[in-house]
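Student: When you number the sequence shown by the UniProt record's numbering, it's gap-free, plus one each residue, and the end is 356.
Glycine included, C-beta positions come from ideal geometry on N, C-alpha and C.
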Amino acid sequence: MVKPLLHPQFGLNGEAFPSPEALKERANYLIENGKDDEVAIGKFILEWLDKNDFITVKTSGSTGTPKTITLQKEKVYNSAEATVKYFDLNENIKALLCLSSEYIAGKMMLVRAMTAGWDLHTTAPEKNPLENIDDAFDFSAMVPYQVFHSLKDLHKVKKLIVGGGAVPLELEQQLQKVNTRVFATYGMTETISHVAVRPITGTEKSAIFSALPKINFSLNENNCLQIHAPEISEETVVTNDVVELISPTSFKFLGRADNVINTGGVKVHPEVVEEKLSLHINQPFFIASEKDDALGERVILIIESEEYFQLKDFSRAFKSLSIYEKPKHIYSATHFLYTETGKIKRAEVLKKLSIN
1 MVKPLLHPQF GLNGEAFPSP EALKERANYL IENGKDDEVA IGKFILEWLD KNDFITVKTS
61 GSTGTPKTIT LQKEKVYNSA EATVKYFDLN ENIKALLCLS SEYIAGKMML VRAMTAGWDL
121 HTTAPEKNPL ENIDDAFDFS AMVPYQVFHS LKDLHKVKKL IVGGGAVPLE LEQQLQKVNT
181 RVFATYGMTE TISHVAVRPI TGTEKSAIFS ALPKINFSLN ENNCLQIHAP EISEETVVTN
241 DVVELISPTS FKFLGRADNV INTGGVKVHP EVVEEKLSLH INQPFFIASE KDDALGERVI
301 LIIESEEYFQ LKDFSRAFKS LSIYEKPKHI YSATHFLYTE TGKIKRAEVL KKLSIN
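1) From this set, M188, Q173 and I192, which residue's C-alpha is nearest Y77's C-alpha?
2) Quick check: the Cα distance between K267 and K252, rounded to an integer number of angstroms?
3) Does the Cβ of Q146 have 16 or more other Cβ atoms within 10 Å, making it buried, or fewer, making it exposed?
4) Rounding to the nearest angstrom, what Cα-Cα distance links I41 and D293 in this structure?
5) Indicate whether A317 and I344 have their beta-carbon atoms separated by less than 8 Å.
6) Within 8 Å, do at least three Cβ pairs link the stretch 150–160 to the stretch 107–122?
7) Give me the Cβ distance between F309 and I303, rounded to the nearest whole Å; I'm assuming they're in contact under 8 Å.
8) Is N92 near the ligand COA - that is, is its Cβ less than 7 Å away from at least one heavy atom of it?
9) Please report the distance separating the alpha-carbon of F183 from that of K352.
10) According to DSSP, simplified to helix, strand and coil, what is Q310?
11) Kindly indicate which residue of L71, G165, E306 and L212 has the alpha-carbon position closest to the one of residue 376.
12) What did DSSP end up calling P270 once you bin it into helix, strand or coil?
13) Span of the beta strand (DSSP E) holding Q72?
14) Could you work out which residue in E25, L130, D241 and A124 is closest to R256 when comparing CA atoms only?
15) Return the chain-ordered list of same chain residues with a C-beta closer than 8 Å to the C-beta of I208, the five sequence neighbours on each side being excluded.
16) Report yes if the CB atom of P213 is closer than 8 Å to the CB atom of A82, and no otherwise.
17) Are there 16 or more other CB atoms within 10 angstroms of the CB of P319, so buried, or fewer, so exposed?
18) Between which two residues does the alpha helix (DSSP H) carrying H149 extend?
19) Determine the direct distance from the alpha carbon of L89 to that of A95, and round the result to whole angstroms.
20) Give the straight-line distance between the Cα atoms of K177 and F87, rounded to the nearest whole angstrom.
21) Got a sec, what are the start and stop residues for the beta strand (DSSP E) F10 sits in?
22) In whole angstroms, what is the alpha-carbon distance linking F314 and F285?
23) Give me the Cα-Cα distance between K51 and R346, rounded to the nearest whole angstrom.
24) If you run the structure through DSSP and keep just helix, strand and coil, what is G106?
25) Determine the direct distance from the alpha carbon of E231 to that of K43, and round the result to whole angstroms.
26) Could you tell me the alpha carbon to alpha carbon distance between Y103 and Q173, rounded to whole angstroms?
27) Applying the 10 Å Cβ sphere with the 16-neighbour rule, what's the burial state of G265?
28) Quick check on the DSSP output: the beta strand (DSSP E) that includes N216 runs from which residue to which?
29) Helix, strand or coil, according to DSSP, for T203 in the structure here?
30) If you scan the stretch 23–59 from start to end, which runs of the alpha helix (DSSP H) of 4 or more residues do you find wholly inside it?
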């Protein structure tokens with residue numbers, strides 16, 4: 001790989017490193033003496049600086065069985081460079097890593113910092129990583145769960161990207177009260193983190209995702225998004241996400257194709273229904289379907305709670321839904337099953353409830 005793996009200005013938790021060997025020494029110290037999140041950081045630093053031209057990354061497993069894939073370091077570098085340019089994050093900016101370095105989002109924060117020369121600070125990937133930190137940061141990345149629990153502390157971050165799941169409408173509205181510039185991101189492990197972003201605060205707020213530099217989009221015959229990003233992936237990445245294509249570089253996300261519910265001949269996207277209901281339901285929930293003799297499939301609501309609910313309990317919330325979108329039954333589960341990155345394991349929850 002001809003591109004430099006380590007910028008001379010890179011700093012980690014206030015410590016400078018005059019050479020890759022010095023950083024490797026620090027990485028080994030973290031592996032031997034650190035907590036779980038620090039061990040993961042140390043291991044990835046060594047992997048990034050080794051002689052191989054690739055890294056290995058685990059997928060989250062939210063939409064299927066978790067797997068390990070191989071990514072070329074040059075492609076990873078290109079992805080990091082695109083984010084740095086898009087958000088104007090040049091050397092010596094102060095950034096916070098509060099995601100697990102076991103997964104692509106955390107690894108990419110390290111790569112951006114190491115290659116662009118950031119002053120990177122790290123903390124455990126907890127629900128409110130900013131709570132006990134007095135410092136201010138130019139940039140950070142979080143999952144929606146962390147953002148929700150960090151609202152009162154977000155003023156400590158100037159620019160924030162949010163990924164790993166859809167940003168609920170209620171959370172998006174709460175974010176309008178903060179001064180932080182917040183961006184939702186779209187991407188996956190196979191695209192080496194995000195390939196598109198949309199602003200969700202300020203005057204630039206939008207429901208439309210825009211591509212990062214040198215990335216284009218198209219649709220396949222099922223109206224699913226196809227990603228053309230030659231500097232990140234030599235092959236076109238075919239997703240399972242149904243979108244409304246606005247232009248070759250912009251789209252509106254509708255939902256996953258394998259989640260689509262065909263009820264009475266009408267296709268309902270659970271993600272669209274969930275966004276509408278998120279303003280009215282304060283505990284974890286999701287929309288799914290079950291077999292129906294008349295409709296083929298009927299929409300149902302699954303909610304994490306020990307209480308028993310009836311349809312009338314949510315009659316006010318359902319007013320925002322069309323007749324086809326309205327749940328025909330409500331199921332409750334005491335505890336949802338989650339991936340390590342905080343996404344609900346929908347299929348496993350349905351299986352636990354014996355819903356087909």
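Tutor: According to the structure data:
1) In the sequence shown, the residue the question calls residue 77 occupies position 77. Answer by Cα proximity: I192.
2) Start at 1 with the first residue of the sequence shown, and residue 267 comes out as number 267. Start at 1 with the first residue of the sequence shown, and residue 252 comes out as number 252. Each residue's Cα considered, the two are about 17 Å apart.
3) Here residue 146 corresponds to residue number 146 of the sequence shown, with the count starting at 1. That one is buried.
4) On the sequence shown, residue 41 is found 41 positions in, with the first residue counted as 1. On the sequence shown, residue 293 is found 293 positions in, with the first residue counted as 1. Approximately 52 Å between the Cα atoms of the pair.
5) Here residue 317 refers to the residue found at position 317 when the sequence shown is read from its first residue. Here residue 344 refers to the residue found at position 344 when the sequence shown is read from its first residue. No, they are not a contact pair.
6) no
7) Working through the sequence shown from its first residue, we reach residue 309 at position 309. Working through the sequence shown from its first residue, we reach residue 303 at position 303. Indeed they touch by this definition, with Cβ atoms about 7 Å apart.
8) Of ligands this structure carries none, so the ligand COA is not represented either.
9) If you number the sequence shown from 1, residue 183 lands on position 183. If you number the sequence shown from 1, residue 352 lands on position 352. So the alpha carbons of these two residues sit roughly 35 Å apart.
10) The count along the sequence shown starts at 1 and reaches residue 310 at position 310. Residue state, collapsed to three classes: coil.
11) Residue coverage of the chain in this structure runs from 1 to 356, which leaves residue 376 outside it and unanswerable.
12) By 1-based counting over the sequence shown, the position of residue 270 is 270. In this structure, P270 counts as helix in the three-state DSSP scheme.
13) Counted from its first residue, the sequence shown places residue 72 at position 72. From DSSP, the beta strand (DSSP E) with Q72 extends over T68 to Q72.
14) On the sequence shown, position 256 is the one that residue 256 refers to. Considering only alpha carbons, the answer is D241.
15) For the purposes of this step, residue 208 is taken as the residue at position 208 of the sequence shown. Cβ within range, chain order: R198, I246, S250, F251 and K252.
16) What you label residue 213 is simply residue 213 of the sequence shown in a count that begins at 1. What you label residue 82 is simply residue 82 of the sequence shown in a count that begins at 1. Yes. Within cutoff.
17) Along the sequence shown, read from residue 1 onward, the residue named residue 319 stands at position 319. The sequence shown places Lys at residue 319, not Pro. Label assigned to K319: exposed.
18) On the sequence shown, residue 149 is found 149 positions in, with the first residue counted as 1. Element bounds for H149: P144 to H149.
19) Here residue 95 corresponds to residue number 95 of the sequence shown, with the count starting at 1. Here residue 89 corresponds to residue number 89 of the sequence shown, with the count starting at 1. Going by the C-alpha atoms only, they are around 9 Å apart.
20) Walking along the sequence shown from the start, residue 177 turns up at place 177. Walking along the sequence shown from the start, residue 87 turns up at place 87. Each residue's alpha carbon lies about 21 Å from the other.
21) The residue you call residue 10 lines up with position 10 of the sequence shown. Element bounds for F10: n/a, residue is neither H nor E.
22) The residue labelled residue 314 in the question sits at position 314 within the sequence shown. The residue labelled residue 285 in the question sits at position 285 within the sequence shown. One C-alpha to the other measures close to 13 Å.
23) Numbered from its first residue, the sequence shown carries residue 51 at position 51. Numbered from its first residue, the sequence shown carries residue 346 at position 346. One C-alpha to the other measures close to 40 Å.
24) For the purposes of this step, residue 106 is taken as the residue at position 106 of the sequence shown. The answer is helix: DSSP assigns G106 an H, G or I state.
25) The count along the sequence shown starts at 1 and reaches residue 43 at position 43. The count along the sequence shown starts at 1 and reaches residue 231 at position 231. Between K43 and E231, the C-alpha separation is close to 26 Å.
26) Within the sequence shown, numbered from 1, the residue matching residue 103 stands at position 103. Within the sequence shown, numbered from 1, the residue matching residue 173 stands at position 173. For Y103 and Q173, the distance between alpha carbons rounds to 28 Å.
27) Locating residue 265 in the sequence shown gives position 265, where the first residue counts as 1. G265 is exposed by the Cβ-count criterion.
28) As a working mapping, residue 216 is identified with position 216 in the sequence shown. Where N216 is concerned, the enclosing beta strand (DSSP E) stretches over N216 to L219.
29) Position 203 of the sequence shown holds residue 203. Coil at T203, not helix or strand.
30) 36–49
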